[in-house]
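Novice: This note's numbering applies: residue 2 is where the sequence shown begins, and numbers increase by one. Glycine included, every Cβ here is placed at the ideal spot set by N, Cα and C.
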Amino acid sequence: MAPVRASSDRSDIEHAAQEKNSVAHDEFQQNSGMSADDAEFLANFPEERKKKAVRKVDYRLIPMLVLLYLMAYLDKTNIGNAKIEGLLDSLHMTGVDYNIALSVFFIPFVLAEVPSNMVLHMFKRPSLYIGGIVTCWGIAMTCNGVVHSFGGLVAVRIFLGLFEAGFLPGAILIISKWYLPNETQTRIAILYTSAASSGAFSGLLAFAIARMDGVAGLEGWRWIFILEGLATVMIGVMCFFFLVDSPTLSKWLDPEEIRFLELRQQARRVVRPNEFRDHHFDKHAFFSVLTDWKIYLLILANWSNSVPNYAMKFAMPQIIKNMGYTSANAQLLTIPPYAVGAMSAYLFSVFADKYSWRMPFLLGPQLLLIIAFSILFTKSEDIKDNIALNYFAICLACFGMYPILPGVNAWNVANTPSPTKRAISIGFLVCVGNIGGLIGSYIYMDKEAPTYPTGYGTSFGFASAGAVAVITLEVLLYSRNKKNELITEDEVRQRYSDEELDRMGEKSPLFKYAL
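Next comes the structure, spelled out in structure tokens:
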């Protein structure tokens with residue numbers, strides 16, 4: 002009888018698999034408007050081949066984006082390393098001048114992010130656009146090393162901000178077109194951890210490069226800019242050849258993998274049919290972003306990262322130096338906090354994707370930020386008597402900061418099914434979020450050292466506001482989902498056509514908000 006039972010079990014399993022594929026087939030065809038042939042192909046595509054195709058994308062796309070973002074963050078913030086190597090004395094600058102040089106970067110950086118993503122969305126080959134802006138900011142970075150006045154430094158940093166503006170929103174847009182919503186946060190986190198890695202790497206690199214002081218008659222801080230800028234130019238040129246564009250243009254994918262990667266996005270309404278080949282722009286999408294209340298709560302959540310993060314990045318070497326360490330040792334001691342930040346960004350994002358739940362994996366890090374800045378605010382007055390506690394708080398702050406940006410952007414992507422609106426909303430979220438960087442560049446003032454009440458207090462305030470925003474967004478989205486559940490799918494489809502539901506995007510009664 003055992004063989005009969007085994008045969009029966011196999012039949013049950015096969016029947017269940019067929020039933021599951023049939024349900025998937027109907028769901029794909031109904032929800033996405035794809036043809037019966039495409040729906041059947043997607044429903045029956047082998048699981049192992051699905052994983053293999055996604056792994057191929059991981060190996061080809063993510064390392065290049067990580068390298069580019071590492072250089073972007075390095076080039077944007079290495080002025081903090083140059084400062085303690087003598088930048089201010091060489092250019093006869095005051096602390097106020099330094100803060101101005103930091104902040105002017107953010108003016109073009111913020112203003113250009115949305116237009117940049119609008120342009121990128123219309124490019125058939127994103128690698129050409131991204132490669133172009135990377136090469137240009139590498140040239141601008143190199144020029145930082147040859148300026149001889151405060152005015153020259155300001156001018157170069159304006160161009161640096163202009164060219165760097167498009168990279169992060171562009172990278173997130175590219176990721177959103179290749180991956181499903183429940184895969185994006187981990188990939189954004191891997192990208193973003195390169196920022197944490199650059200924090201560790203920049204301290205080590207600046208420590209080494211600064212030893213070139215006097216080579217060719219140049220100060221050590223100049224070599225930091227020159228060598229890192231030239232490296233960026235080289236990587237920008239590489240981008241033209243190695244950054245992947247779309248499944249259709251990828252020779253390293255076989256035809257079935259190309260079809261699968263495009264159809265799975267369409268099935269989940271991440272892209273519309275032929276979006277990888279459709280590069281037109283919807284002028285009404287911009288107004289839709291400006292009037293979307295969700296974006297503004299996400300901006301508040303984003304500021305809980307950007308304000309303390311940029312501020313800490315610029316000020317951390319000096320804060321550690323205030324503990325009594327030499328400039329060289331202060332550079333080296335910036336490495337562990339960023340290593341901790343990289344680890345936390347990845348771990349929180351893996352769990353957020355695994356459970357397809359963003360809120361707790363944003364709120365947790367924000368609470369850690371609140372604790373960290375509470376310690377720094379109350380214990381920095383006697384910093385040399387509380388070195389271990391203050392250094393722990395710096396590490397805790399980095400642990401809390403770095404998971405926030407991946408979570409905020411993944412939450413936005415998951416709740417923005419319209420491709421053009423998604424491109425604009427990514428740019429807008431990063432753009433307005435980076436106003437936090439402008440705020441952060443002013444809050445650590447040399448005259449307040451070593452207590453920095455403005456810096457620590459402001460960071461605490463933004464972390465608290467971000468936590469409130471995340472909780473509010475969760476409650477409102479949950480309420481919207483419950484309201485939509487009161488009407489049946491049949492009633493919705495009787496009232497609206499598929500085309501009308503598609504145009505409604507996340508406002509469709511059939512859309513379920515990601516929490």
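Are the CB atoms of Ala515 and Ser305 nearer to each other than 7 Å?
Specialist: The sequence position of residue 515 within the sequence shown is 514, counting from 1. The sequence position of residue 305 within the sequence shown is 304, counting from 1. No; because the gap between Cβ atoms is not below 7 Å, this pair is not in contact.
Novice: Across the stretch 260–269 and the stretch 35–49, are there enough close Cβ pairs to call them in contact, namely three or more that are closer than 8 Å?
Specialist: Yes: at least three Cβ pairs fall under 8 Å.
Novice: When you compare only the Cα positions, how much space is there between Ala411 and Phe168?
Specialist: The count along the sequence shown starts at 1 and reaches residue 411 at position 410. The count along the sequence shown starts at 1 and reaches residue 168 at position 167. Spanning the two alpha carbons is a distance of roughly 17 Å.
Novice: In whole angstroms, what is the alpha-carbon distance linking Ile227 and Met505?
Specialist: Reading the sequence shown from its first residue, position 226 is the one you call residue 227. Reading the sequence shown from its first residue, position 504 is the one you call residue 505. Spanning the two alpha carbons is a distance of roughly 50 Å.
Novice: One question on the structure: do Phe374 and Ser460 come within less than 7 Å of each other, judged by their Cβ atoms?
Specialist: Position 373 of the sequence shown, counted from the first residue, corresponds to residue 374. Position 459 of the sequence shown, counted from the first residue, corresponds to residue 460. Contact: yes.
Novice: Report yes or no: do three or more beta-carbon pairs, one from the stretch 393–411 and one from the stretch 89–97, lie closer than 8 Å?
Specialist: The stretch 393–411 is not in contact with the stretch 89–97.
Novice: Would you identify the three-state DSSP class for Asp503, choosing helix, strand or coil?
Specialist: Numbered from its first residue, the sequence shown carries residue 503 at position 502. In this structure, Asp503 counts as helix in the three-state DSSP scheme.
Novice: Would you call the stretch 143–150 and the stretch 305–319 in contact, with 3 or more CB pairs under 8 Å?
Specialist: Contact fails: fewer than three Cβ-Cβ distances are below 8 Å.
Novice: Considering Gly146, what are the terminal residues of the alpha helix (DSSP H) in which it resides?
Specialist: Position 145 of the sequence shown, counted from the first residue, corresponds to residue 146. Note, Gly146: premise wrong, no alpha helix (DSSP H); not H, not E.
Novice: Measuring only the C-alpha atoms, how far is Ile296 from Ile175?
Specialist: Indexing the sequence shown from 1 puts residue 296 at position 295. Indexing the sequence shown from 1 puts residue 175 at position 174. Spanning the two alpha carbons is a distance of roughly 20 Å.
Novice: Express the C-alpha separation of Pro47 and Val433 in angstroms, rounding to a whole number.
Specialist: Numbered from 1 along the sequence shown, position 432 holds the residue referred to as residue 433. Numbered from 1 along the sequence shown, position 46 holds the residue referred to as residue 47. Approximately 42 Å, taken between the alpha carbons.
Novice: Does the distance from the CB of Pro309 to the CB of Met239 come in under 7 Å?
Specialist: Along the sequence shown, one-based indexing puts residue 309 at 308. Along the sequence shown, one-based indexing puts residue 239 at 238. Against a cut-off of 7 Å, the Cβ pair of Met239 and Pro309 comes out as no contact.
Novice: Considering just the uninterrupted stretch of the alpha helix (DSSP H) at Met239, what are its terminal residues?
Specialist: To locate residue 239, count along the sequence shown from 1; it is residue 238. Residues Gly221 to Phe243.
Novice: At the level of alpha carbons, what is the spacing between Leu364 and Leu121?
Specialist: Translated into the one-based positions of the sequence shown, residue 364 becomes position 363. Translated into the one-based positions of the sequence shown, residue 121 becomes position 120. So the two alpha carbons sit approximately 32 Å from each other.
Novice: Which class does Trp358 belong to by DSSP, given the choice of helix, strand or coil?
Specialist: Within the sequence shown, the letter at position 357 stands for residue 358. Here Trp358 sits in coil by DSSP.
Novice: With respect to the alpha helix (DSSP H) encompassing Ser247, which residues constitute its N-terminal and C-terminal limits?
Specialist: Along the sequence shown, one-based indexing puts residue 247 at 246. Careful: Ser247 lies outside any alpha helix (DSSP H) and carries neither H nor E.
Novice: Is there a Cβ from chain D that is less than 7 Å from the Cβ of Arg61?
Specialist: Included in the structure is just one protein chain, with no chain D present.
Novice: Under 8 Å by Cβ, that's how I've got Ile80 and Ala102 pegged, so tell me the actual separation to the nearest angstrom.
Specialist: If you number the sequence shown from 1, residue 80 lands on position 79. If you number the sequence shown from 1, residue 102 lands on position 101. Right, their Cβ atoms sit about 7 Å apart.
Novice: Give the single residue among Asp383, Ala302 and Glu229 whose Cα lies nearest to the Cα of Ala466.
Specialist: Taking the first residue of the sequence shown as 1, we reach residue 466 at position 465. Selected option, being the one with the closest Cα: Ala302.
Novice: Can you tell which of Asp386, Pro182 and Thr335 has its C-alpha closest to the C-alpha of Phe208?
Specialist: For the purposes of this step, residue 208 is taken as residue 207 along the sequence shown, with counting starting at 1. Minimum Cα distance to Phe208 is reached at Thr335.
Novice: Could you spell out the range, first to last residue, of the alpha helix (DSSP H) harbouring Lys125?
Specialist: What you label residue 125 is simply residue 124 of the sequence shown in a count that begins at 1. Unbroken run through Lys125: none, as it is neither H nor E.
Novice: Excluding the 5 residues preceding and the 5 following Ala141 in the sequence, name in chain order all residues of the same chain whose CB lies nearer than 7 Å to its CB.
Specialist: Position 140 of the sequence shown, counted from the start, is the residue given in the question as residue 141. The residues are Val157, Phe160, Leu161 and Phe164.
Novice: Within 10 angstroms of its Cβ, does Glu507 collect 16 or more other Cβ (buried), or is it exposed?
Specialist: The count along the sequence shown starts at 1 and reaches residue 507 at position 506. With 16 or more other Cβ atoms within 10 Å, it is buried.
Novice: Alpha carbon to alpha carbon, how far is Pro116 from Ser91? Give it in angstroms, no decimals.
Specialist: Position 90 of the sequence shown, counted from the first residue, corresponds to residue 91. Position 115 of the sequence shown, counted from the first residue, corresponds to residue 116. Using only the alpha carbons, I get a separation of about 37 Å.
Novice: Determine, using beta-carbon pairs with one atom in the stretch 214–227 and one in the stretch 55–75, whether at least three such pairs fall under 8 Å.
Specialist: No, they do not touch.
Novice: So is Trp294 buried or exposed if we call it buried at 16+ other beta carbons inside 10 Å?
Specialist: In the sequence shown, counting from the first residue as 1, residue 294 sits at position 293. Trp294 comes out exposed.
Novice: Please specify which runs of the beta strand (DSSP E), each continuous and at least 3 residues long, are wholly inside the stretch 263–342, giving them in chain order.
Specialist: With a minimum length of 3 residues, no continuous beta strand (DSSP E) run stays inside the stretch 263–342.
Novice: Measuring straight from C-alpha to C-alpha, what distance separates Val471 and Leu299?
Specialist: Taking the sequence shown and counting its residues from 1, the one referred to as residue 471 is at position 470. Taking the sequence shown and counting its residues from 1, the one referred to as residue 299 is at position 298. Distance between the alpha carbons of Val471 and Leu299 is about 7 Å.
Novice: Taking only three categories from DSSP, how would you classify Asn410?
Specialist: In the sequence shown, the residue the question calls residue 410 occupies position 409. In the structure shown, Asn410 sits in a helix (DSSP, three-state: H, G or I).
Novice: Using CA coordinates, which residue listed in Lys178, Cys144, Asp59 and Phe261 is at the minimum distance from Arg50?
Specialist: Here residue 50 refers to the residue found at position 49 when the sequence shown is read from its first residue. It is Phe261 whose Cα lies nearest to the Cα of Arg50.
Novice: Quick one: what's got a C-beta closer than 7 Å to Ile384's C-beta in the same chain, skipping five residues either side?
Specialist: As a first step, residue 384 must be located in the sequence shown, where it is residue number 383. Same-chain partners within the cutoff: Asn323, Met324, Asn391 and Pro451.
Novice: Given Glu449, which residues of its chain have a CB within under 8 Å of its CB, disregarding the five upstream and five downstream residues?
Specialist: Sequence index remark: in the sequence shown, residue 449 carries index 448 (1-based). Closer than 8 Å at Cβ, skipping near neighbours: Thr455 and Gly456.
Novice: Along the chain, where does the alpha helix (DSSP H) that runs through Met65 open and close?
Specialist: Within the sequence shown, numbered from 1, the residue matching residue 65 stands at position 64. Here the alpha helix (DSSP H) through Met65 covers Glu48 to Thr78.
Novice: When you compare only the Cα positions, how much space is there between Pro404 and Phe242?
Specialist: Numbered from its first residue, the sequence shown carries residue 404 at position 403. Numbered from its first residue, the sequence shown carries residue 242 at position 241. About 31 Å.
Novice: Can you tell which of Pro170, Gly462, Ser426 and Leu250 has the C-alpha that lies nearest to the C-alpha of Phe287?
Specialist: For this step, residue 287 is matched to residue 286 along the sequence shown. Closest by alpha carbon: Ser426.
Novice: By Cβ distance below 8 Å, which residues in the same chain neighbour Leu333 in space, the five residues on each side in sequence not counted?
Specialist: For the purposes of this step, residue 333 is taken as the residue at position 332 of the sequence shown. Closer than 8 Å at the Cβ level, and outside the excluded window around Leu333, lie Gly204, Leu205 and Phe208.
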